[in-house]
Amino acid sequence: MSKETLTITDNRTGKTYEVAIKDGTIKAMDLRQITTGEDDFGIMCYDPAFTNTASCKSKITFIDGDKGILRYRGYPIEQLAEKSTYLETAYLILNGELPTQSQLNDWTHTITNHTMTHENIKKFIDGFRYDAHPMGMLISVVGALSTFYPAAKNINDAKVRRQETERLIAKMPTLAAFCYRHIMGFPFAYPDNDLSYTGNFLNMLFKMTELKYKSNPVLERALDVLFILHADHEQNCSTNAMRSVGSSQVDPYSAVAAAVAALYGPLHGGANEAVLRMLTEIGSKHNIPDFIEKVKGGSGRLMGFGHRVYKNYDPRARIIKETADQVFEVTGRNPLLDIALELEKIALEDEYFIKRKLYPNVDFYSGLIYQAMGFPVDMFPVLFAIPRTVGWLAQWEEMMQDSEQKIARPRQIYLGYDERDYVAMESRS
Ligand code: CMC
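If you use our numbering, the sequence shown corresponds to residues 55 to 483, in order.
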C-alpha cells in the first residue's frame with residue numbers, strides 16, 4: 055500500500071527525511087529539520103507570490119482552474135447566478151448553508167436595518183476633492199468606521215464579530231454611493247429600507263428629485279447577479295490582505311480597508327476599470343491587430359485576460375457575457391462591445407494567448423455592463439468591493455476560528471551585506 059509521505063534526500067549531507075503528505079500538501083515547517091549542522095537554520099520554501107503555497111485551510115470557495123469550476127460552499131456559481139440573490143448567497147458564504155425562508159427574512163431584515171451611517175461620515179466625504187477616486191475614498195471611509203465602533207476591537211467575541219460583519223455588509227453600499235454622489239456633486243441620498251440590497255444601492259446612487267426611486271428590474275437583477283459572481287474567490291490578493299492584516303487582531307473595519315486597497319490595483323479589482331480604458335483607447339476594431347502585437351511584444355497587457363488560477367475560461371466571464379445581453383436590451387448596446395468581442399476572438403486564436411492559457415476573466419465584460427448602466431469608469435472597482443466584502447468577512451471569520459492560524463509573518467532570504475562598521479560622513483566616497 056502506498057504511504058502518504060514524501061522522502062527527501064539532502065545531497066549536501068546524504069541524510070534522508072520522511073515528511074507527511076496531507077491533502078496533497080507538505081508542511082513547510084517539516085522542512086526546517088533539514089539542516090547541514092547545528093548552525094544551519096534549516097530549509098525554507100521560497101515562493102514570492104504564493105504561487106504554490108497554501109496559507110490556510112478553507113471550506114468556503116472551491117476553484118478548479120483547469121476545468122473552469124467555481125463553487126461557493128459546494129454550490130456551482132452557475133446555479134447561484136441563475137437561482138439565488140446576492141443576500142441569500144452572502145448568507146450561504148458566511149454560514150455555510152442556504153437559509154430557510156425565516157432565516158433569509160431575518161438576515162434580510164438585519165442587513166436592511168444597518169444601512170445608515172453616522173452623519174459625520176458625510177462630513178469627511180465632503181472633504182475629498184471633487185475628482186477624488188472613489189476607491190481611494192472608500193479605503194479611508196471604511197477604515198474610519200472603526201472609530202465609530204470602538205467595540206469592534208473585541209474580535210475574540212463571536213457576537214461582536216457577527217455584528218460588525220452585518221454592519222459592514224449593510225453599510226458598504228451606502229459608503230460607496232456617498233462617494234459616488236460626492237464626485238458627481240449630488241446631495242447624498244439616504245437608504246430606502248423598502249428596497250432590495252441592489253435596488254437600494256441603485257436608489258442611493260441615482261435618486262434625483264422623485265419621492266420614491268424605482269430601478270429597472272432587469273438592471274437591478276443584473277447588478278445582483280454581478281454581485282453574486284464577485285462575492286468570494288478564495289485566496290486572491292485582497293482576501294490575502296484581509297487575512298494577513300486581520301491576523302494582527304486589528305478590528306475588521308481596518309482589515310477591510312486593507313482589502314479594499316489591495317483590490318484597487320489594476321492587476322486585481324482595478325482591472326475592470328483598466329479594461330474600459332483599454333477598449334476606449336483601442337477605439338476601433340481596425341486597431342486591434344496593432345494592439346495585440348504590442349501586447350505580445352511586451353508593451354502592456356491585454357487587461358481582463360489571464361488569471362493566476364483559471365487556465366481555462368473564467369466561469370464568471372461566461373455568465374457576465376449572458377448578463378450583458380440582457381442589460382443591453384434595456385440600455386442599448388455598448389459600442390465598445392464590438393471591440394471587446396473582436397479582441398476576444400483574435401486573442402483566443404492567437405498562439406501567444408493559447409500557449410499561456412490566457413482567457414477572458416471576470417473583469418473583461420463587467421465594465422461594459424457597468425458603463426451601459428451609467429456608472430463612471432472610476433466606480434467599477436467599487437462595484438467589485440461591495441459584494442466582495444462578504445467574502446473577506448467570511449474568510450476572516452474562518453481564520454478567527456482556525457486554531458492553526460497565527461499572525462501572518464513570512465520569512466525572507468537575506469542577501470544583503472554581512473555586518474560592517476558605520477562610516478563617518480567625511481570618510482564616505
Ligand atoms: N496580457 C498579456 N500577457 C499576459 C497577460 C495579459 N493579460 N497575463 C499574463 N500574461 C503573460 C505574462 O506576460 C507571462 O508571459 P511570459 O511567460 O512570456 O513571461 C505569462 O502570461 C504568465 O503571466 P504571469 O504574470 O506570470 O501570471 P500571473 O498568474 O502572475 O498573473 C494576472 C495573473 C491576472 C495578474 C495576469 O494574467 C494579468 O496581469 N492580467 C491582466 C489584469 C487582469 O485582468 N486582472 C484581473 C484578474 S481577475 C479578477 C481578480 O481576481 O482580480
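Idealized CB from N, CA, C, for every residue including glycine. Keep in mind the model is a prediction, meaning the values are calculated, not measured.
Query: The ligand CMC heavy atom lying under 7 Å from the CB of Gly-358; Result: yes
Query: Ala-135 vs Leu-283 beta-carbon contact at 8 Å; Result: yes
Query: Glu-72 - DSSP class collapsed to helix/strand/coil; Result: strand
Query: Residues near Val-196 in its chain [Cβ-Cβ closer than 8 Å; skip 5 each side]; Result: Leu-222, Met-226, Leu-229, Tyr-307, Val-310, Ala-311, Val-314
Query: Helix, strand or coil at Asp-248 according to DSSP, with G and I counted as helix; Result: coil
Query: Per DSSP, the bridge partner or partners of Ile-123; Result: Asp-118
Query: Closest residue to Thr-385 among Lys-399, Leu-402, Lys-411, Tyr-424 (Cα-Cα distance); Result: Tyr-424
Query: Start-to-end residues for the alpha helix (DSSP H) that takes in Thr-293; Result: 291 to 300
Query: Proximity of His-168 and Glu-220 at Cβ, strictly below 8 Å; Result: yes
Query: Asp-118 beta carbon near the ligand CMC (any heavy atom closer than 7 Å); Result: no
Query: Glu-132 versus Asn-388, Thr-293, Ile-374, residue with shortest Cα-Cα distance; Result: Ile-374
Query: DSSP bridge partner residues for Tyr-129 (one or two, in chain order); Result: Tyr-126
Query: beta-carbon Leu-330 near the ligand CMC non-hydrogen atom, thresh 7 Å; Result: no
Query: Asn-415 CB to nearest heavy atom of the ligand CMC below 7 Å; Result: yes
Query: Three-pair Cβ contact test at 8 Å for the stretch 250 to 260 versus the stretch 452 to 468; Result: no
Query: Heavy atom of the ligand CMC within 7 Å of Val-444 beta-carbon; Result: no
Query: Touching by the beta-carbon criterion (3+ pairs, under 8 Å), the stretch 192 to 207 and the stretch 284 to 292; Result: no
Query: Minimum C-alpha distance to Phe-382 - residue among Lys-411, Met-427, Lys-350; Result: Met-427
Query: CB of Glu-452 within 8 Å of CB of Ile-114, strictly; Result: yes
Query: Cα-Cα separation between Trp-446 and Arg-297, rounded to whole angstroms; Result: 8 Å
Query: Buried or exposed (CB count within 10 angstroms, at least 16 for buried), Asn-210; Result: exposed
Query: Any 3 or more C-beta pairs closer than 8 Å across the stretch 261 to 274 and the stretch 458 to 471; Result: no
Query: Closest by C-alpha distance to Asn-294, when choosing among Phe-104, Pro-369, Tyr-184, Asn-208; Result: Phe-104
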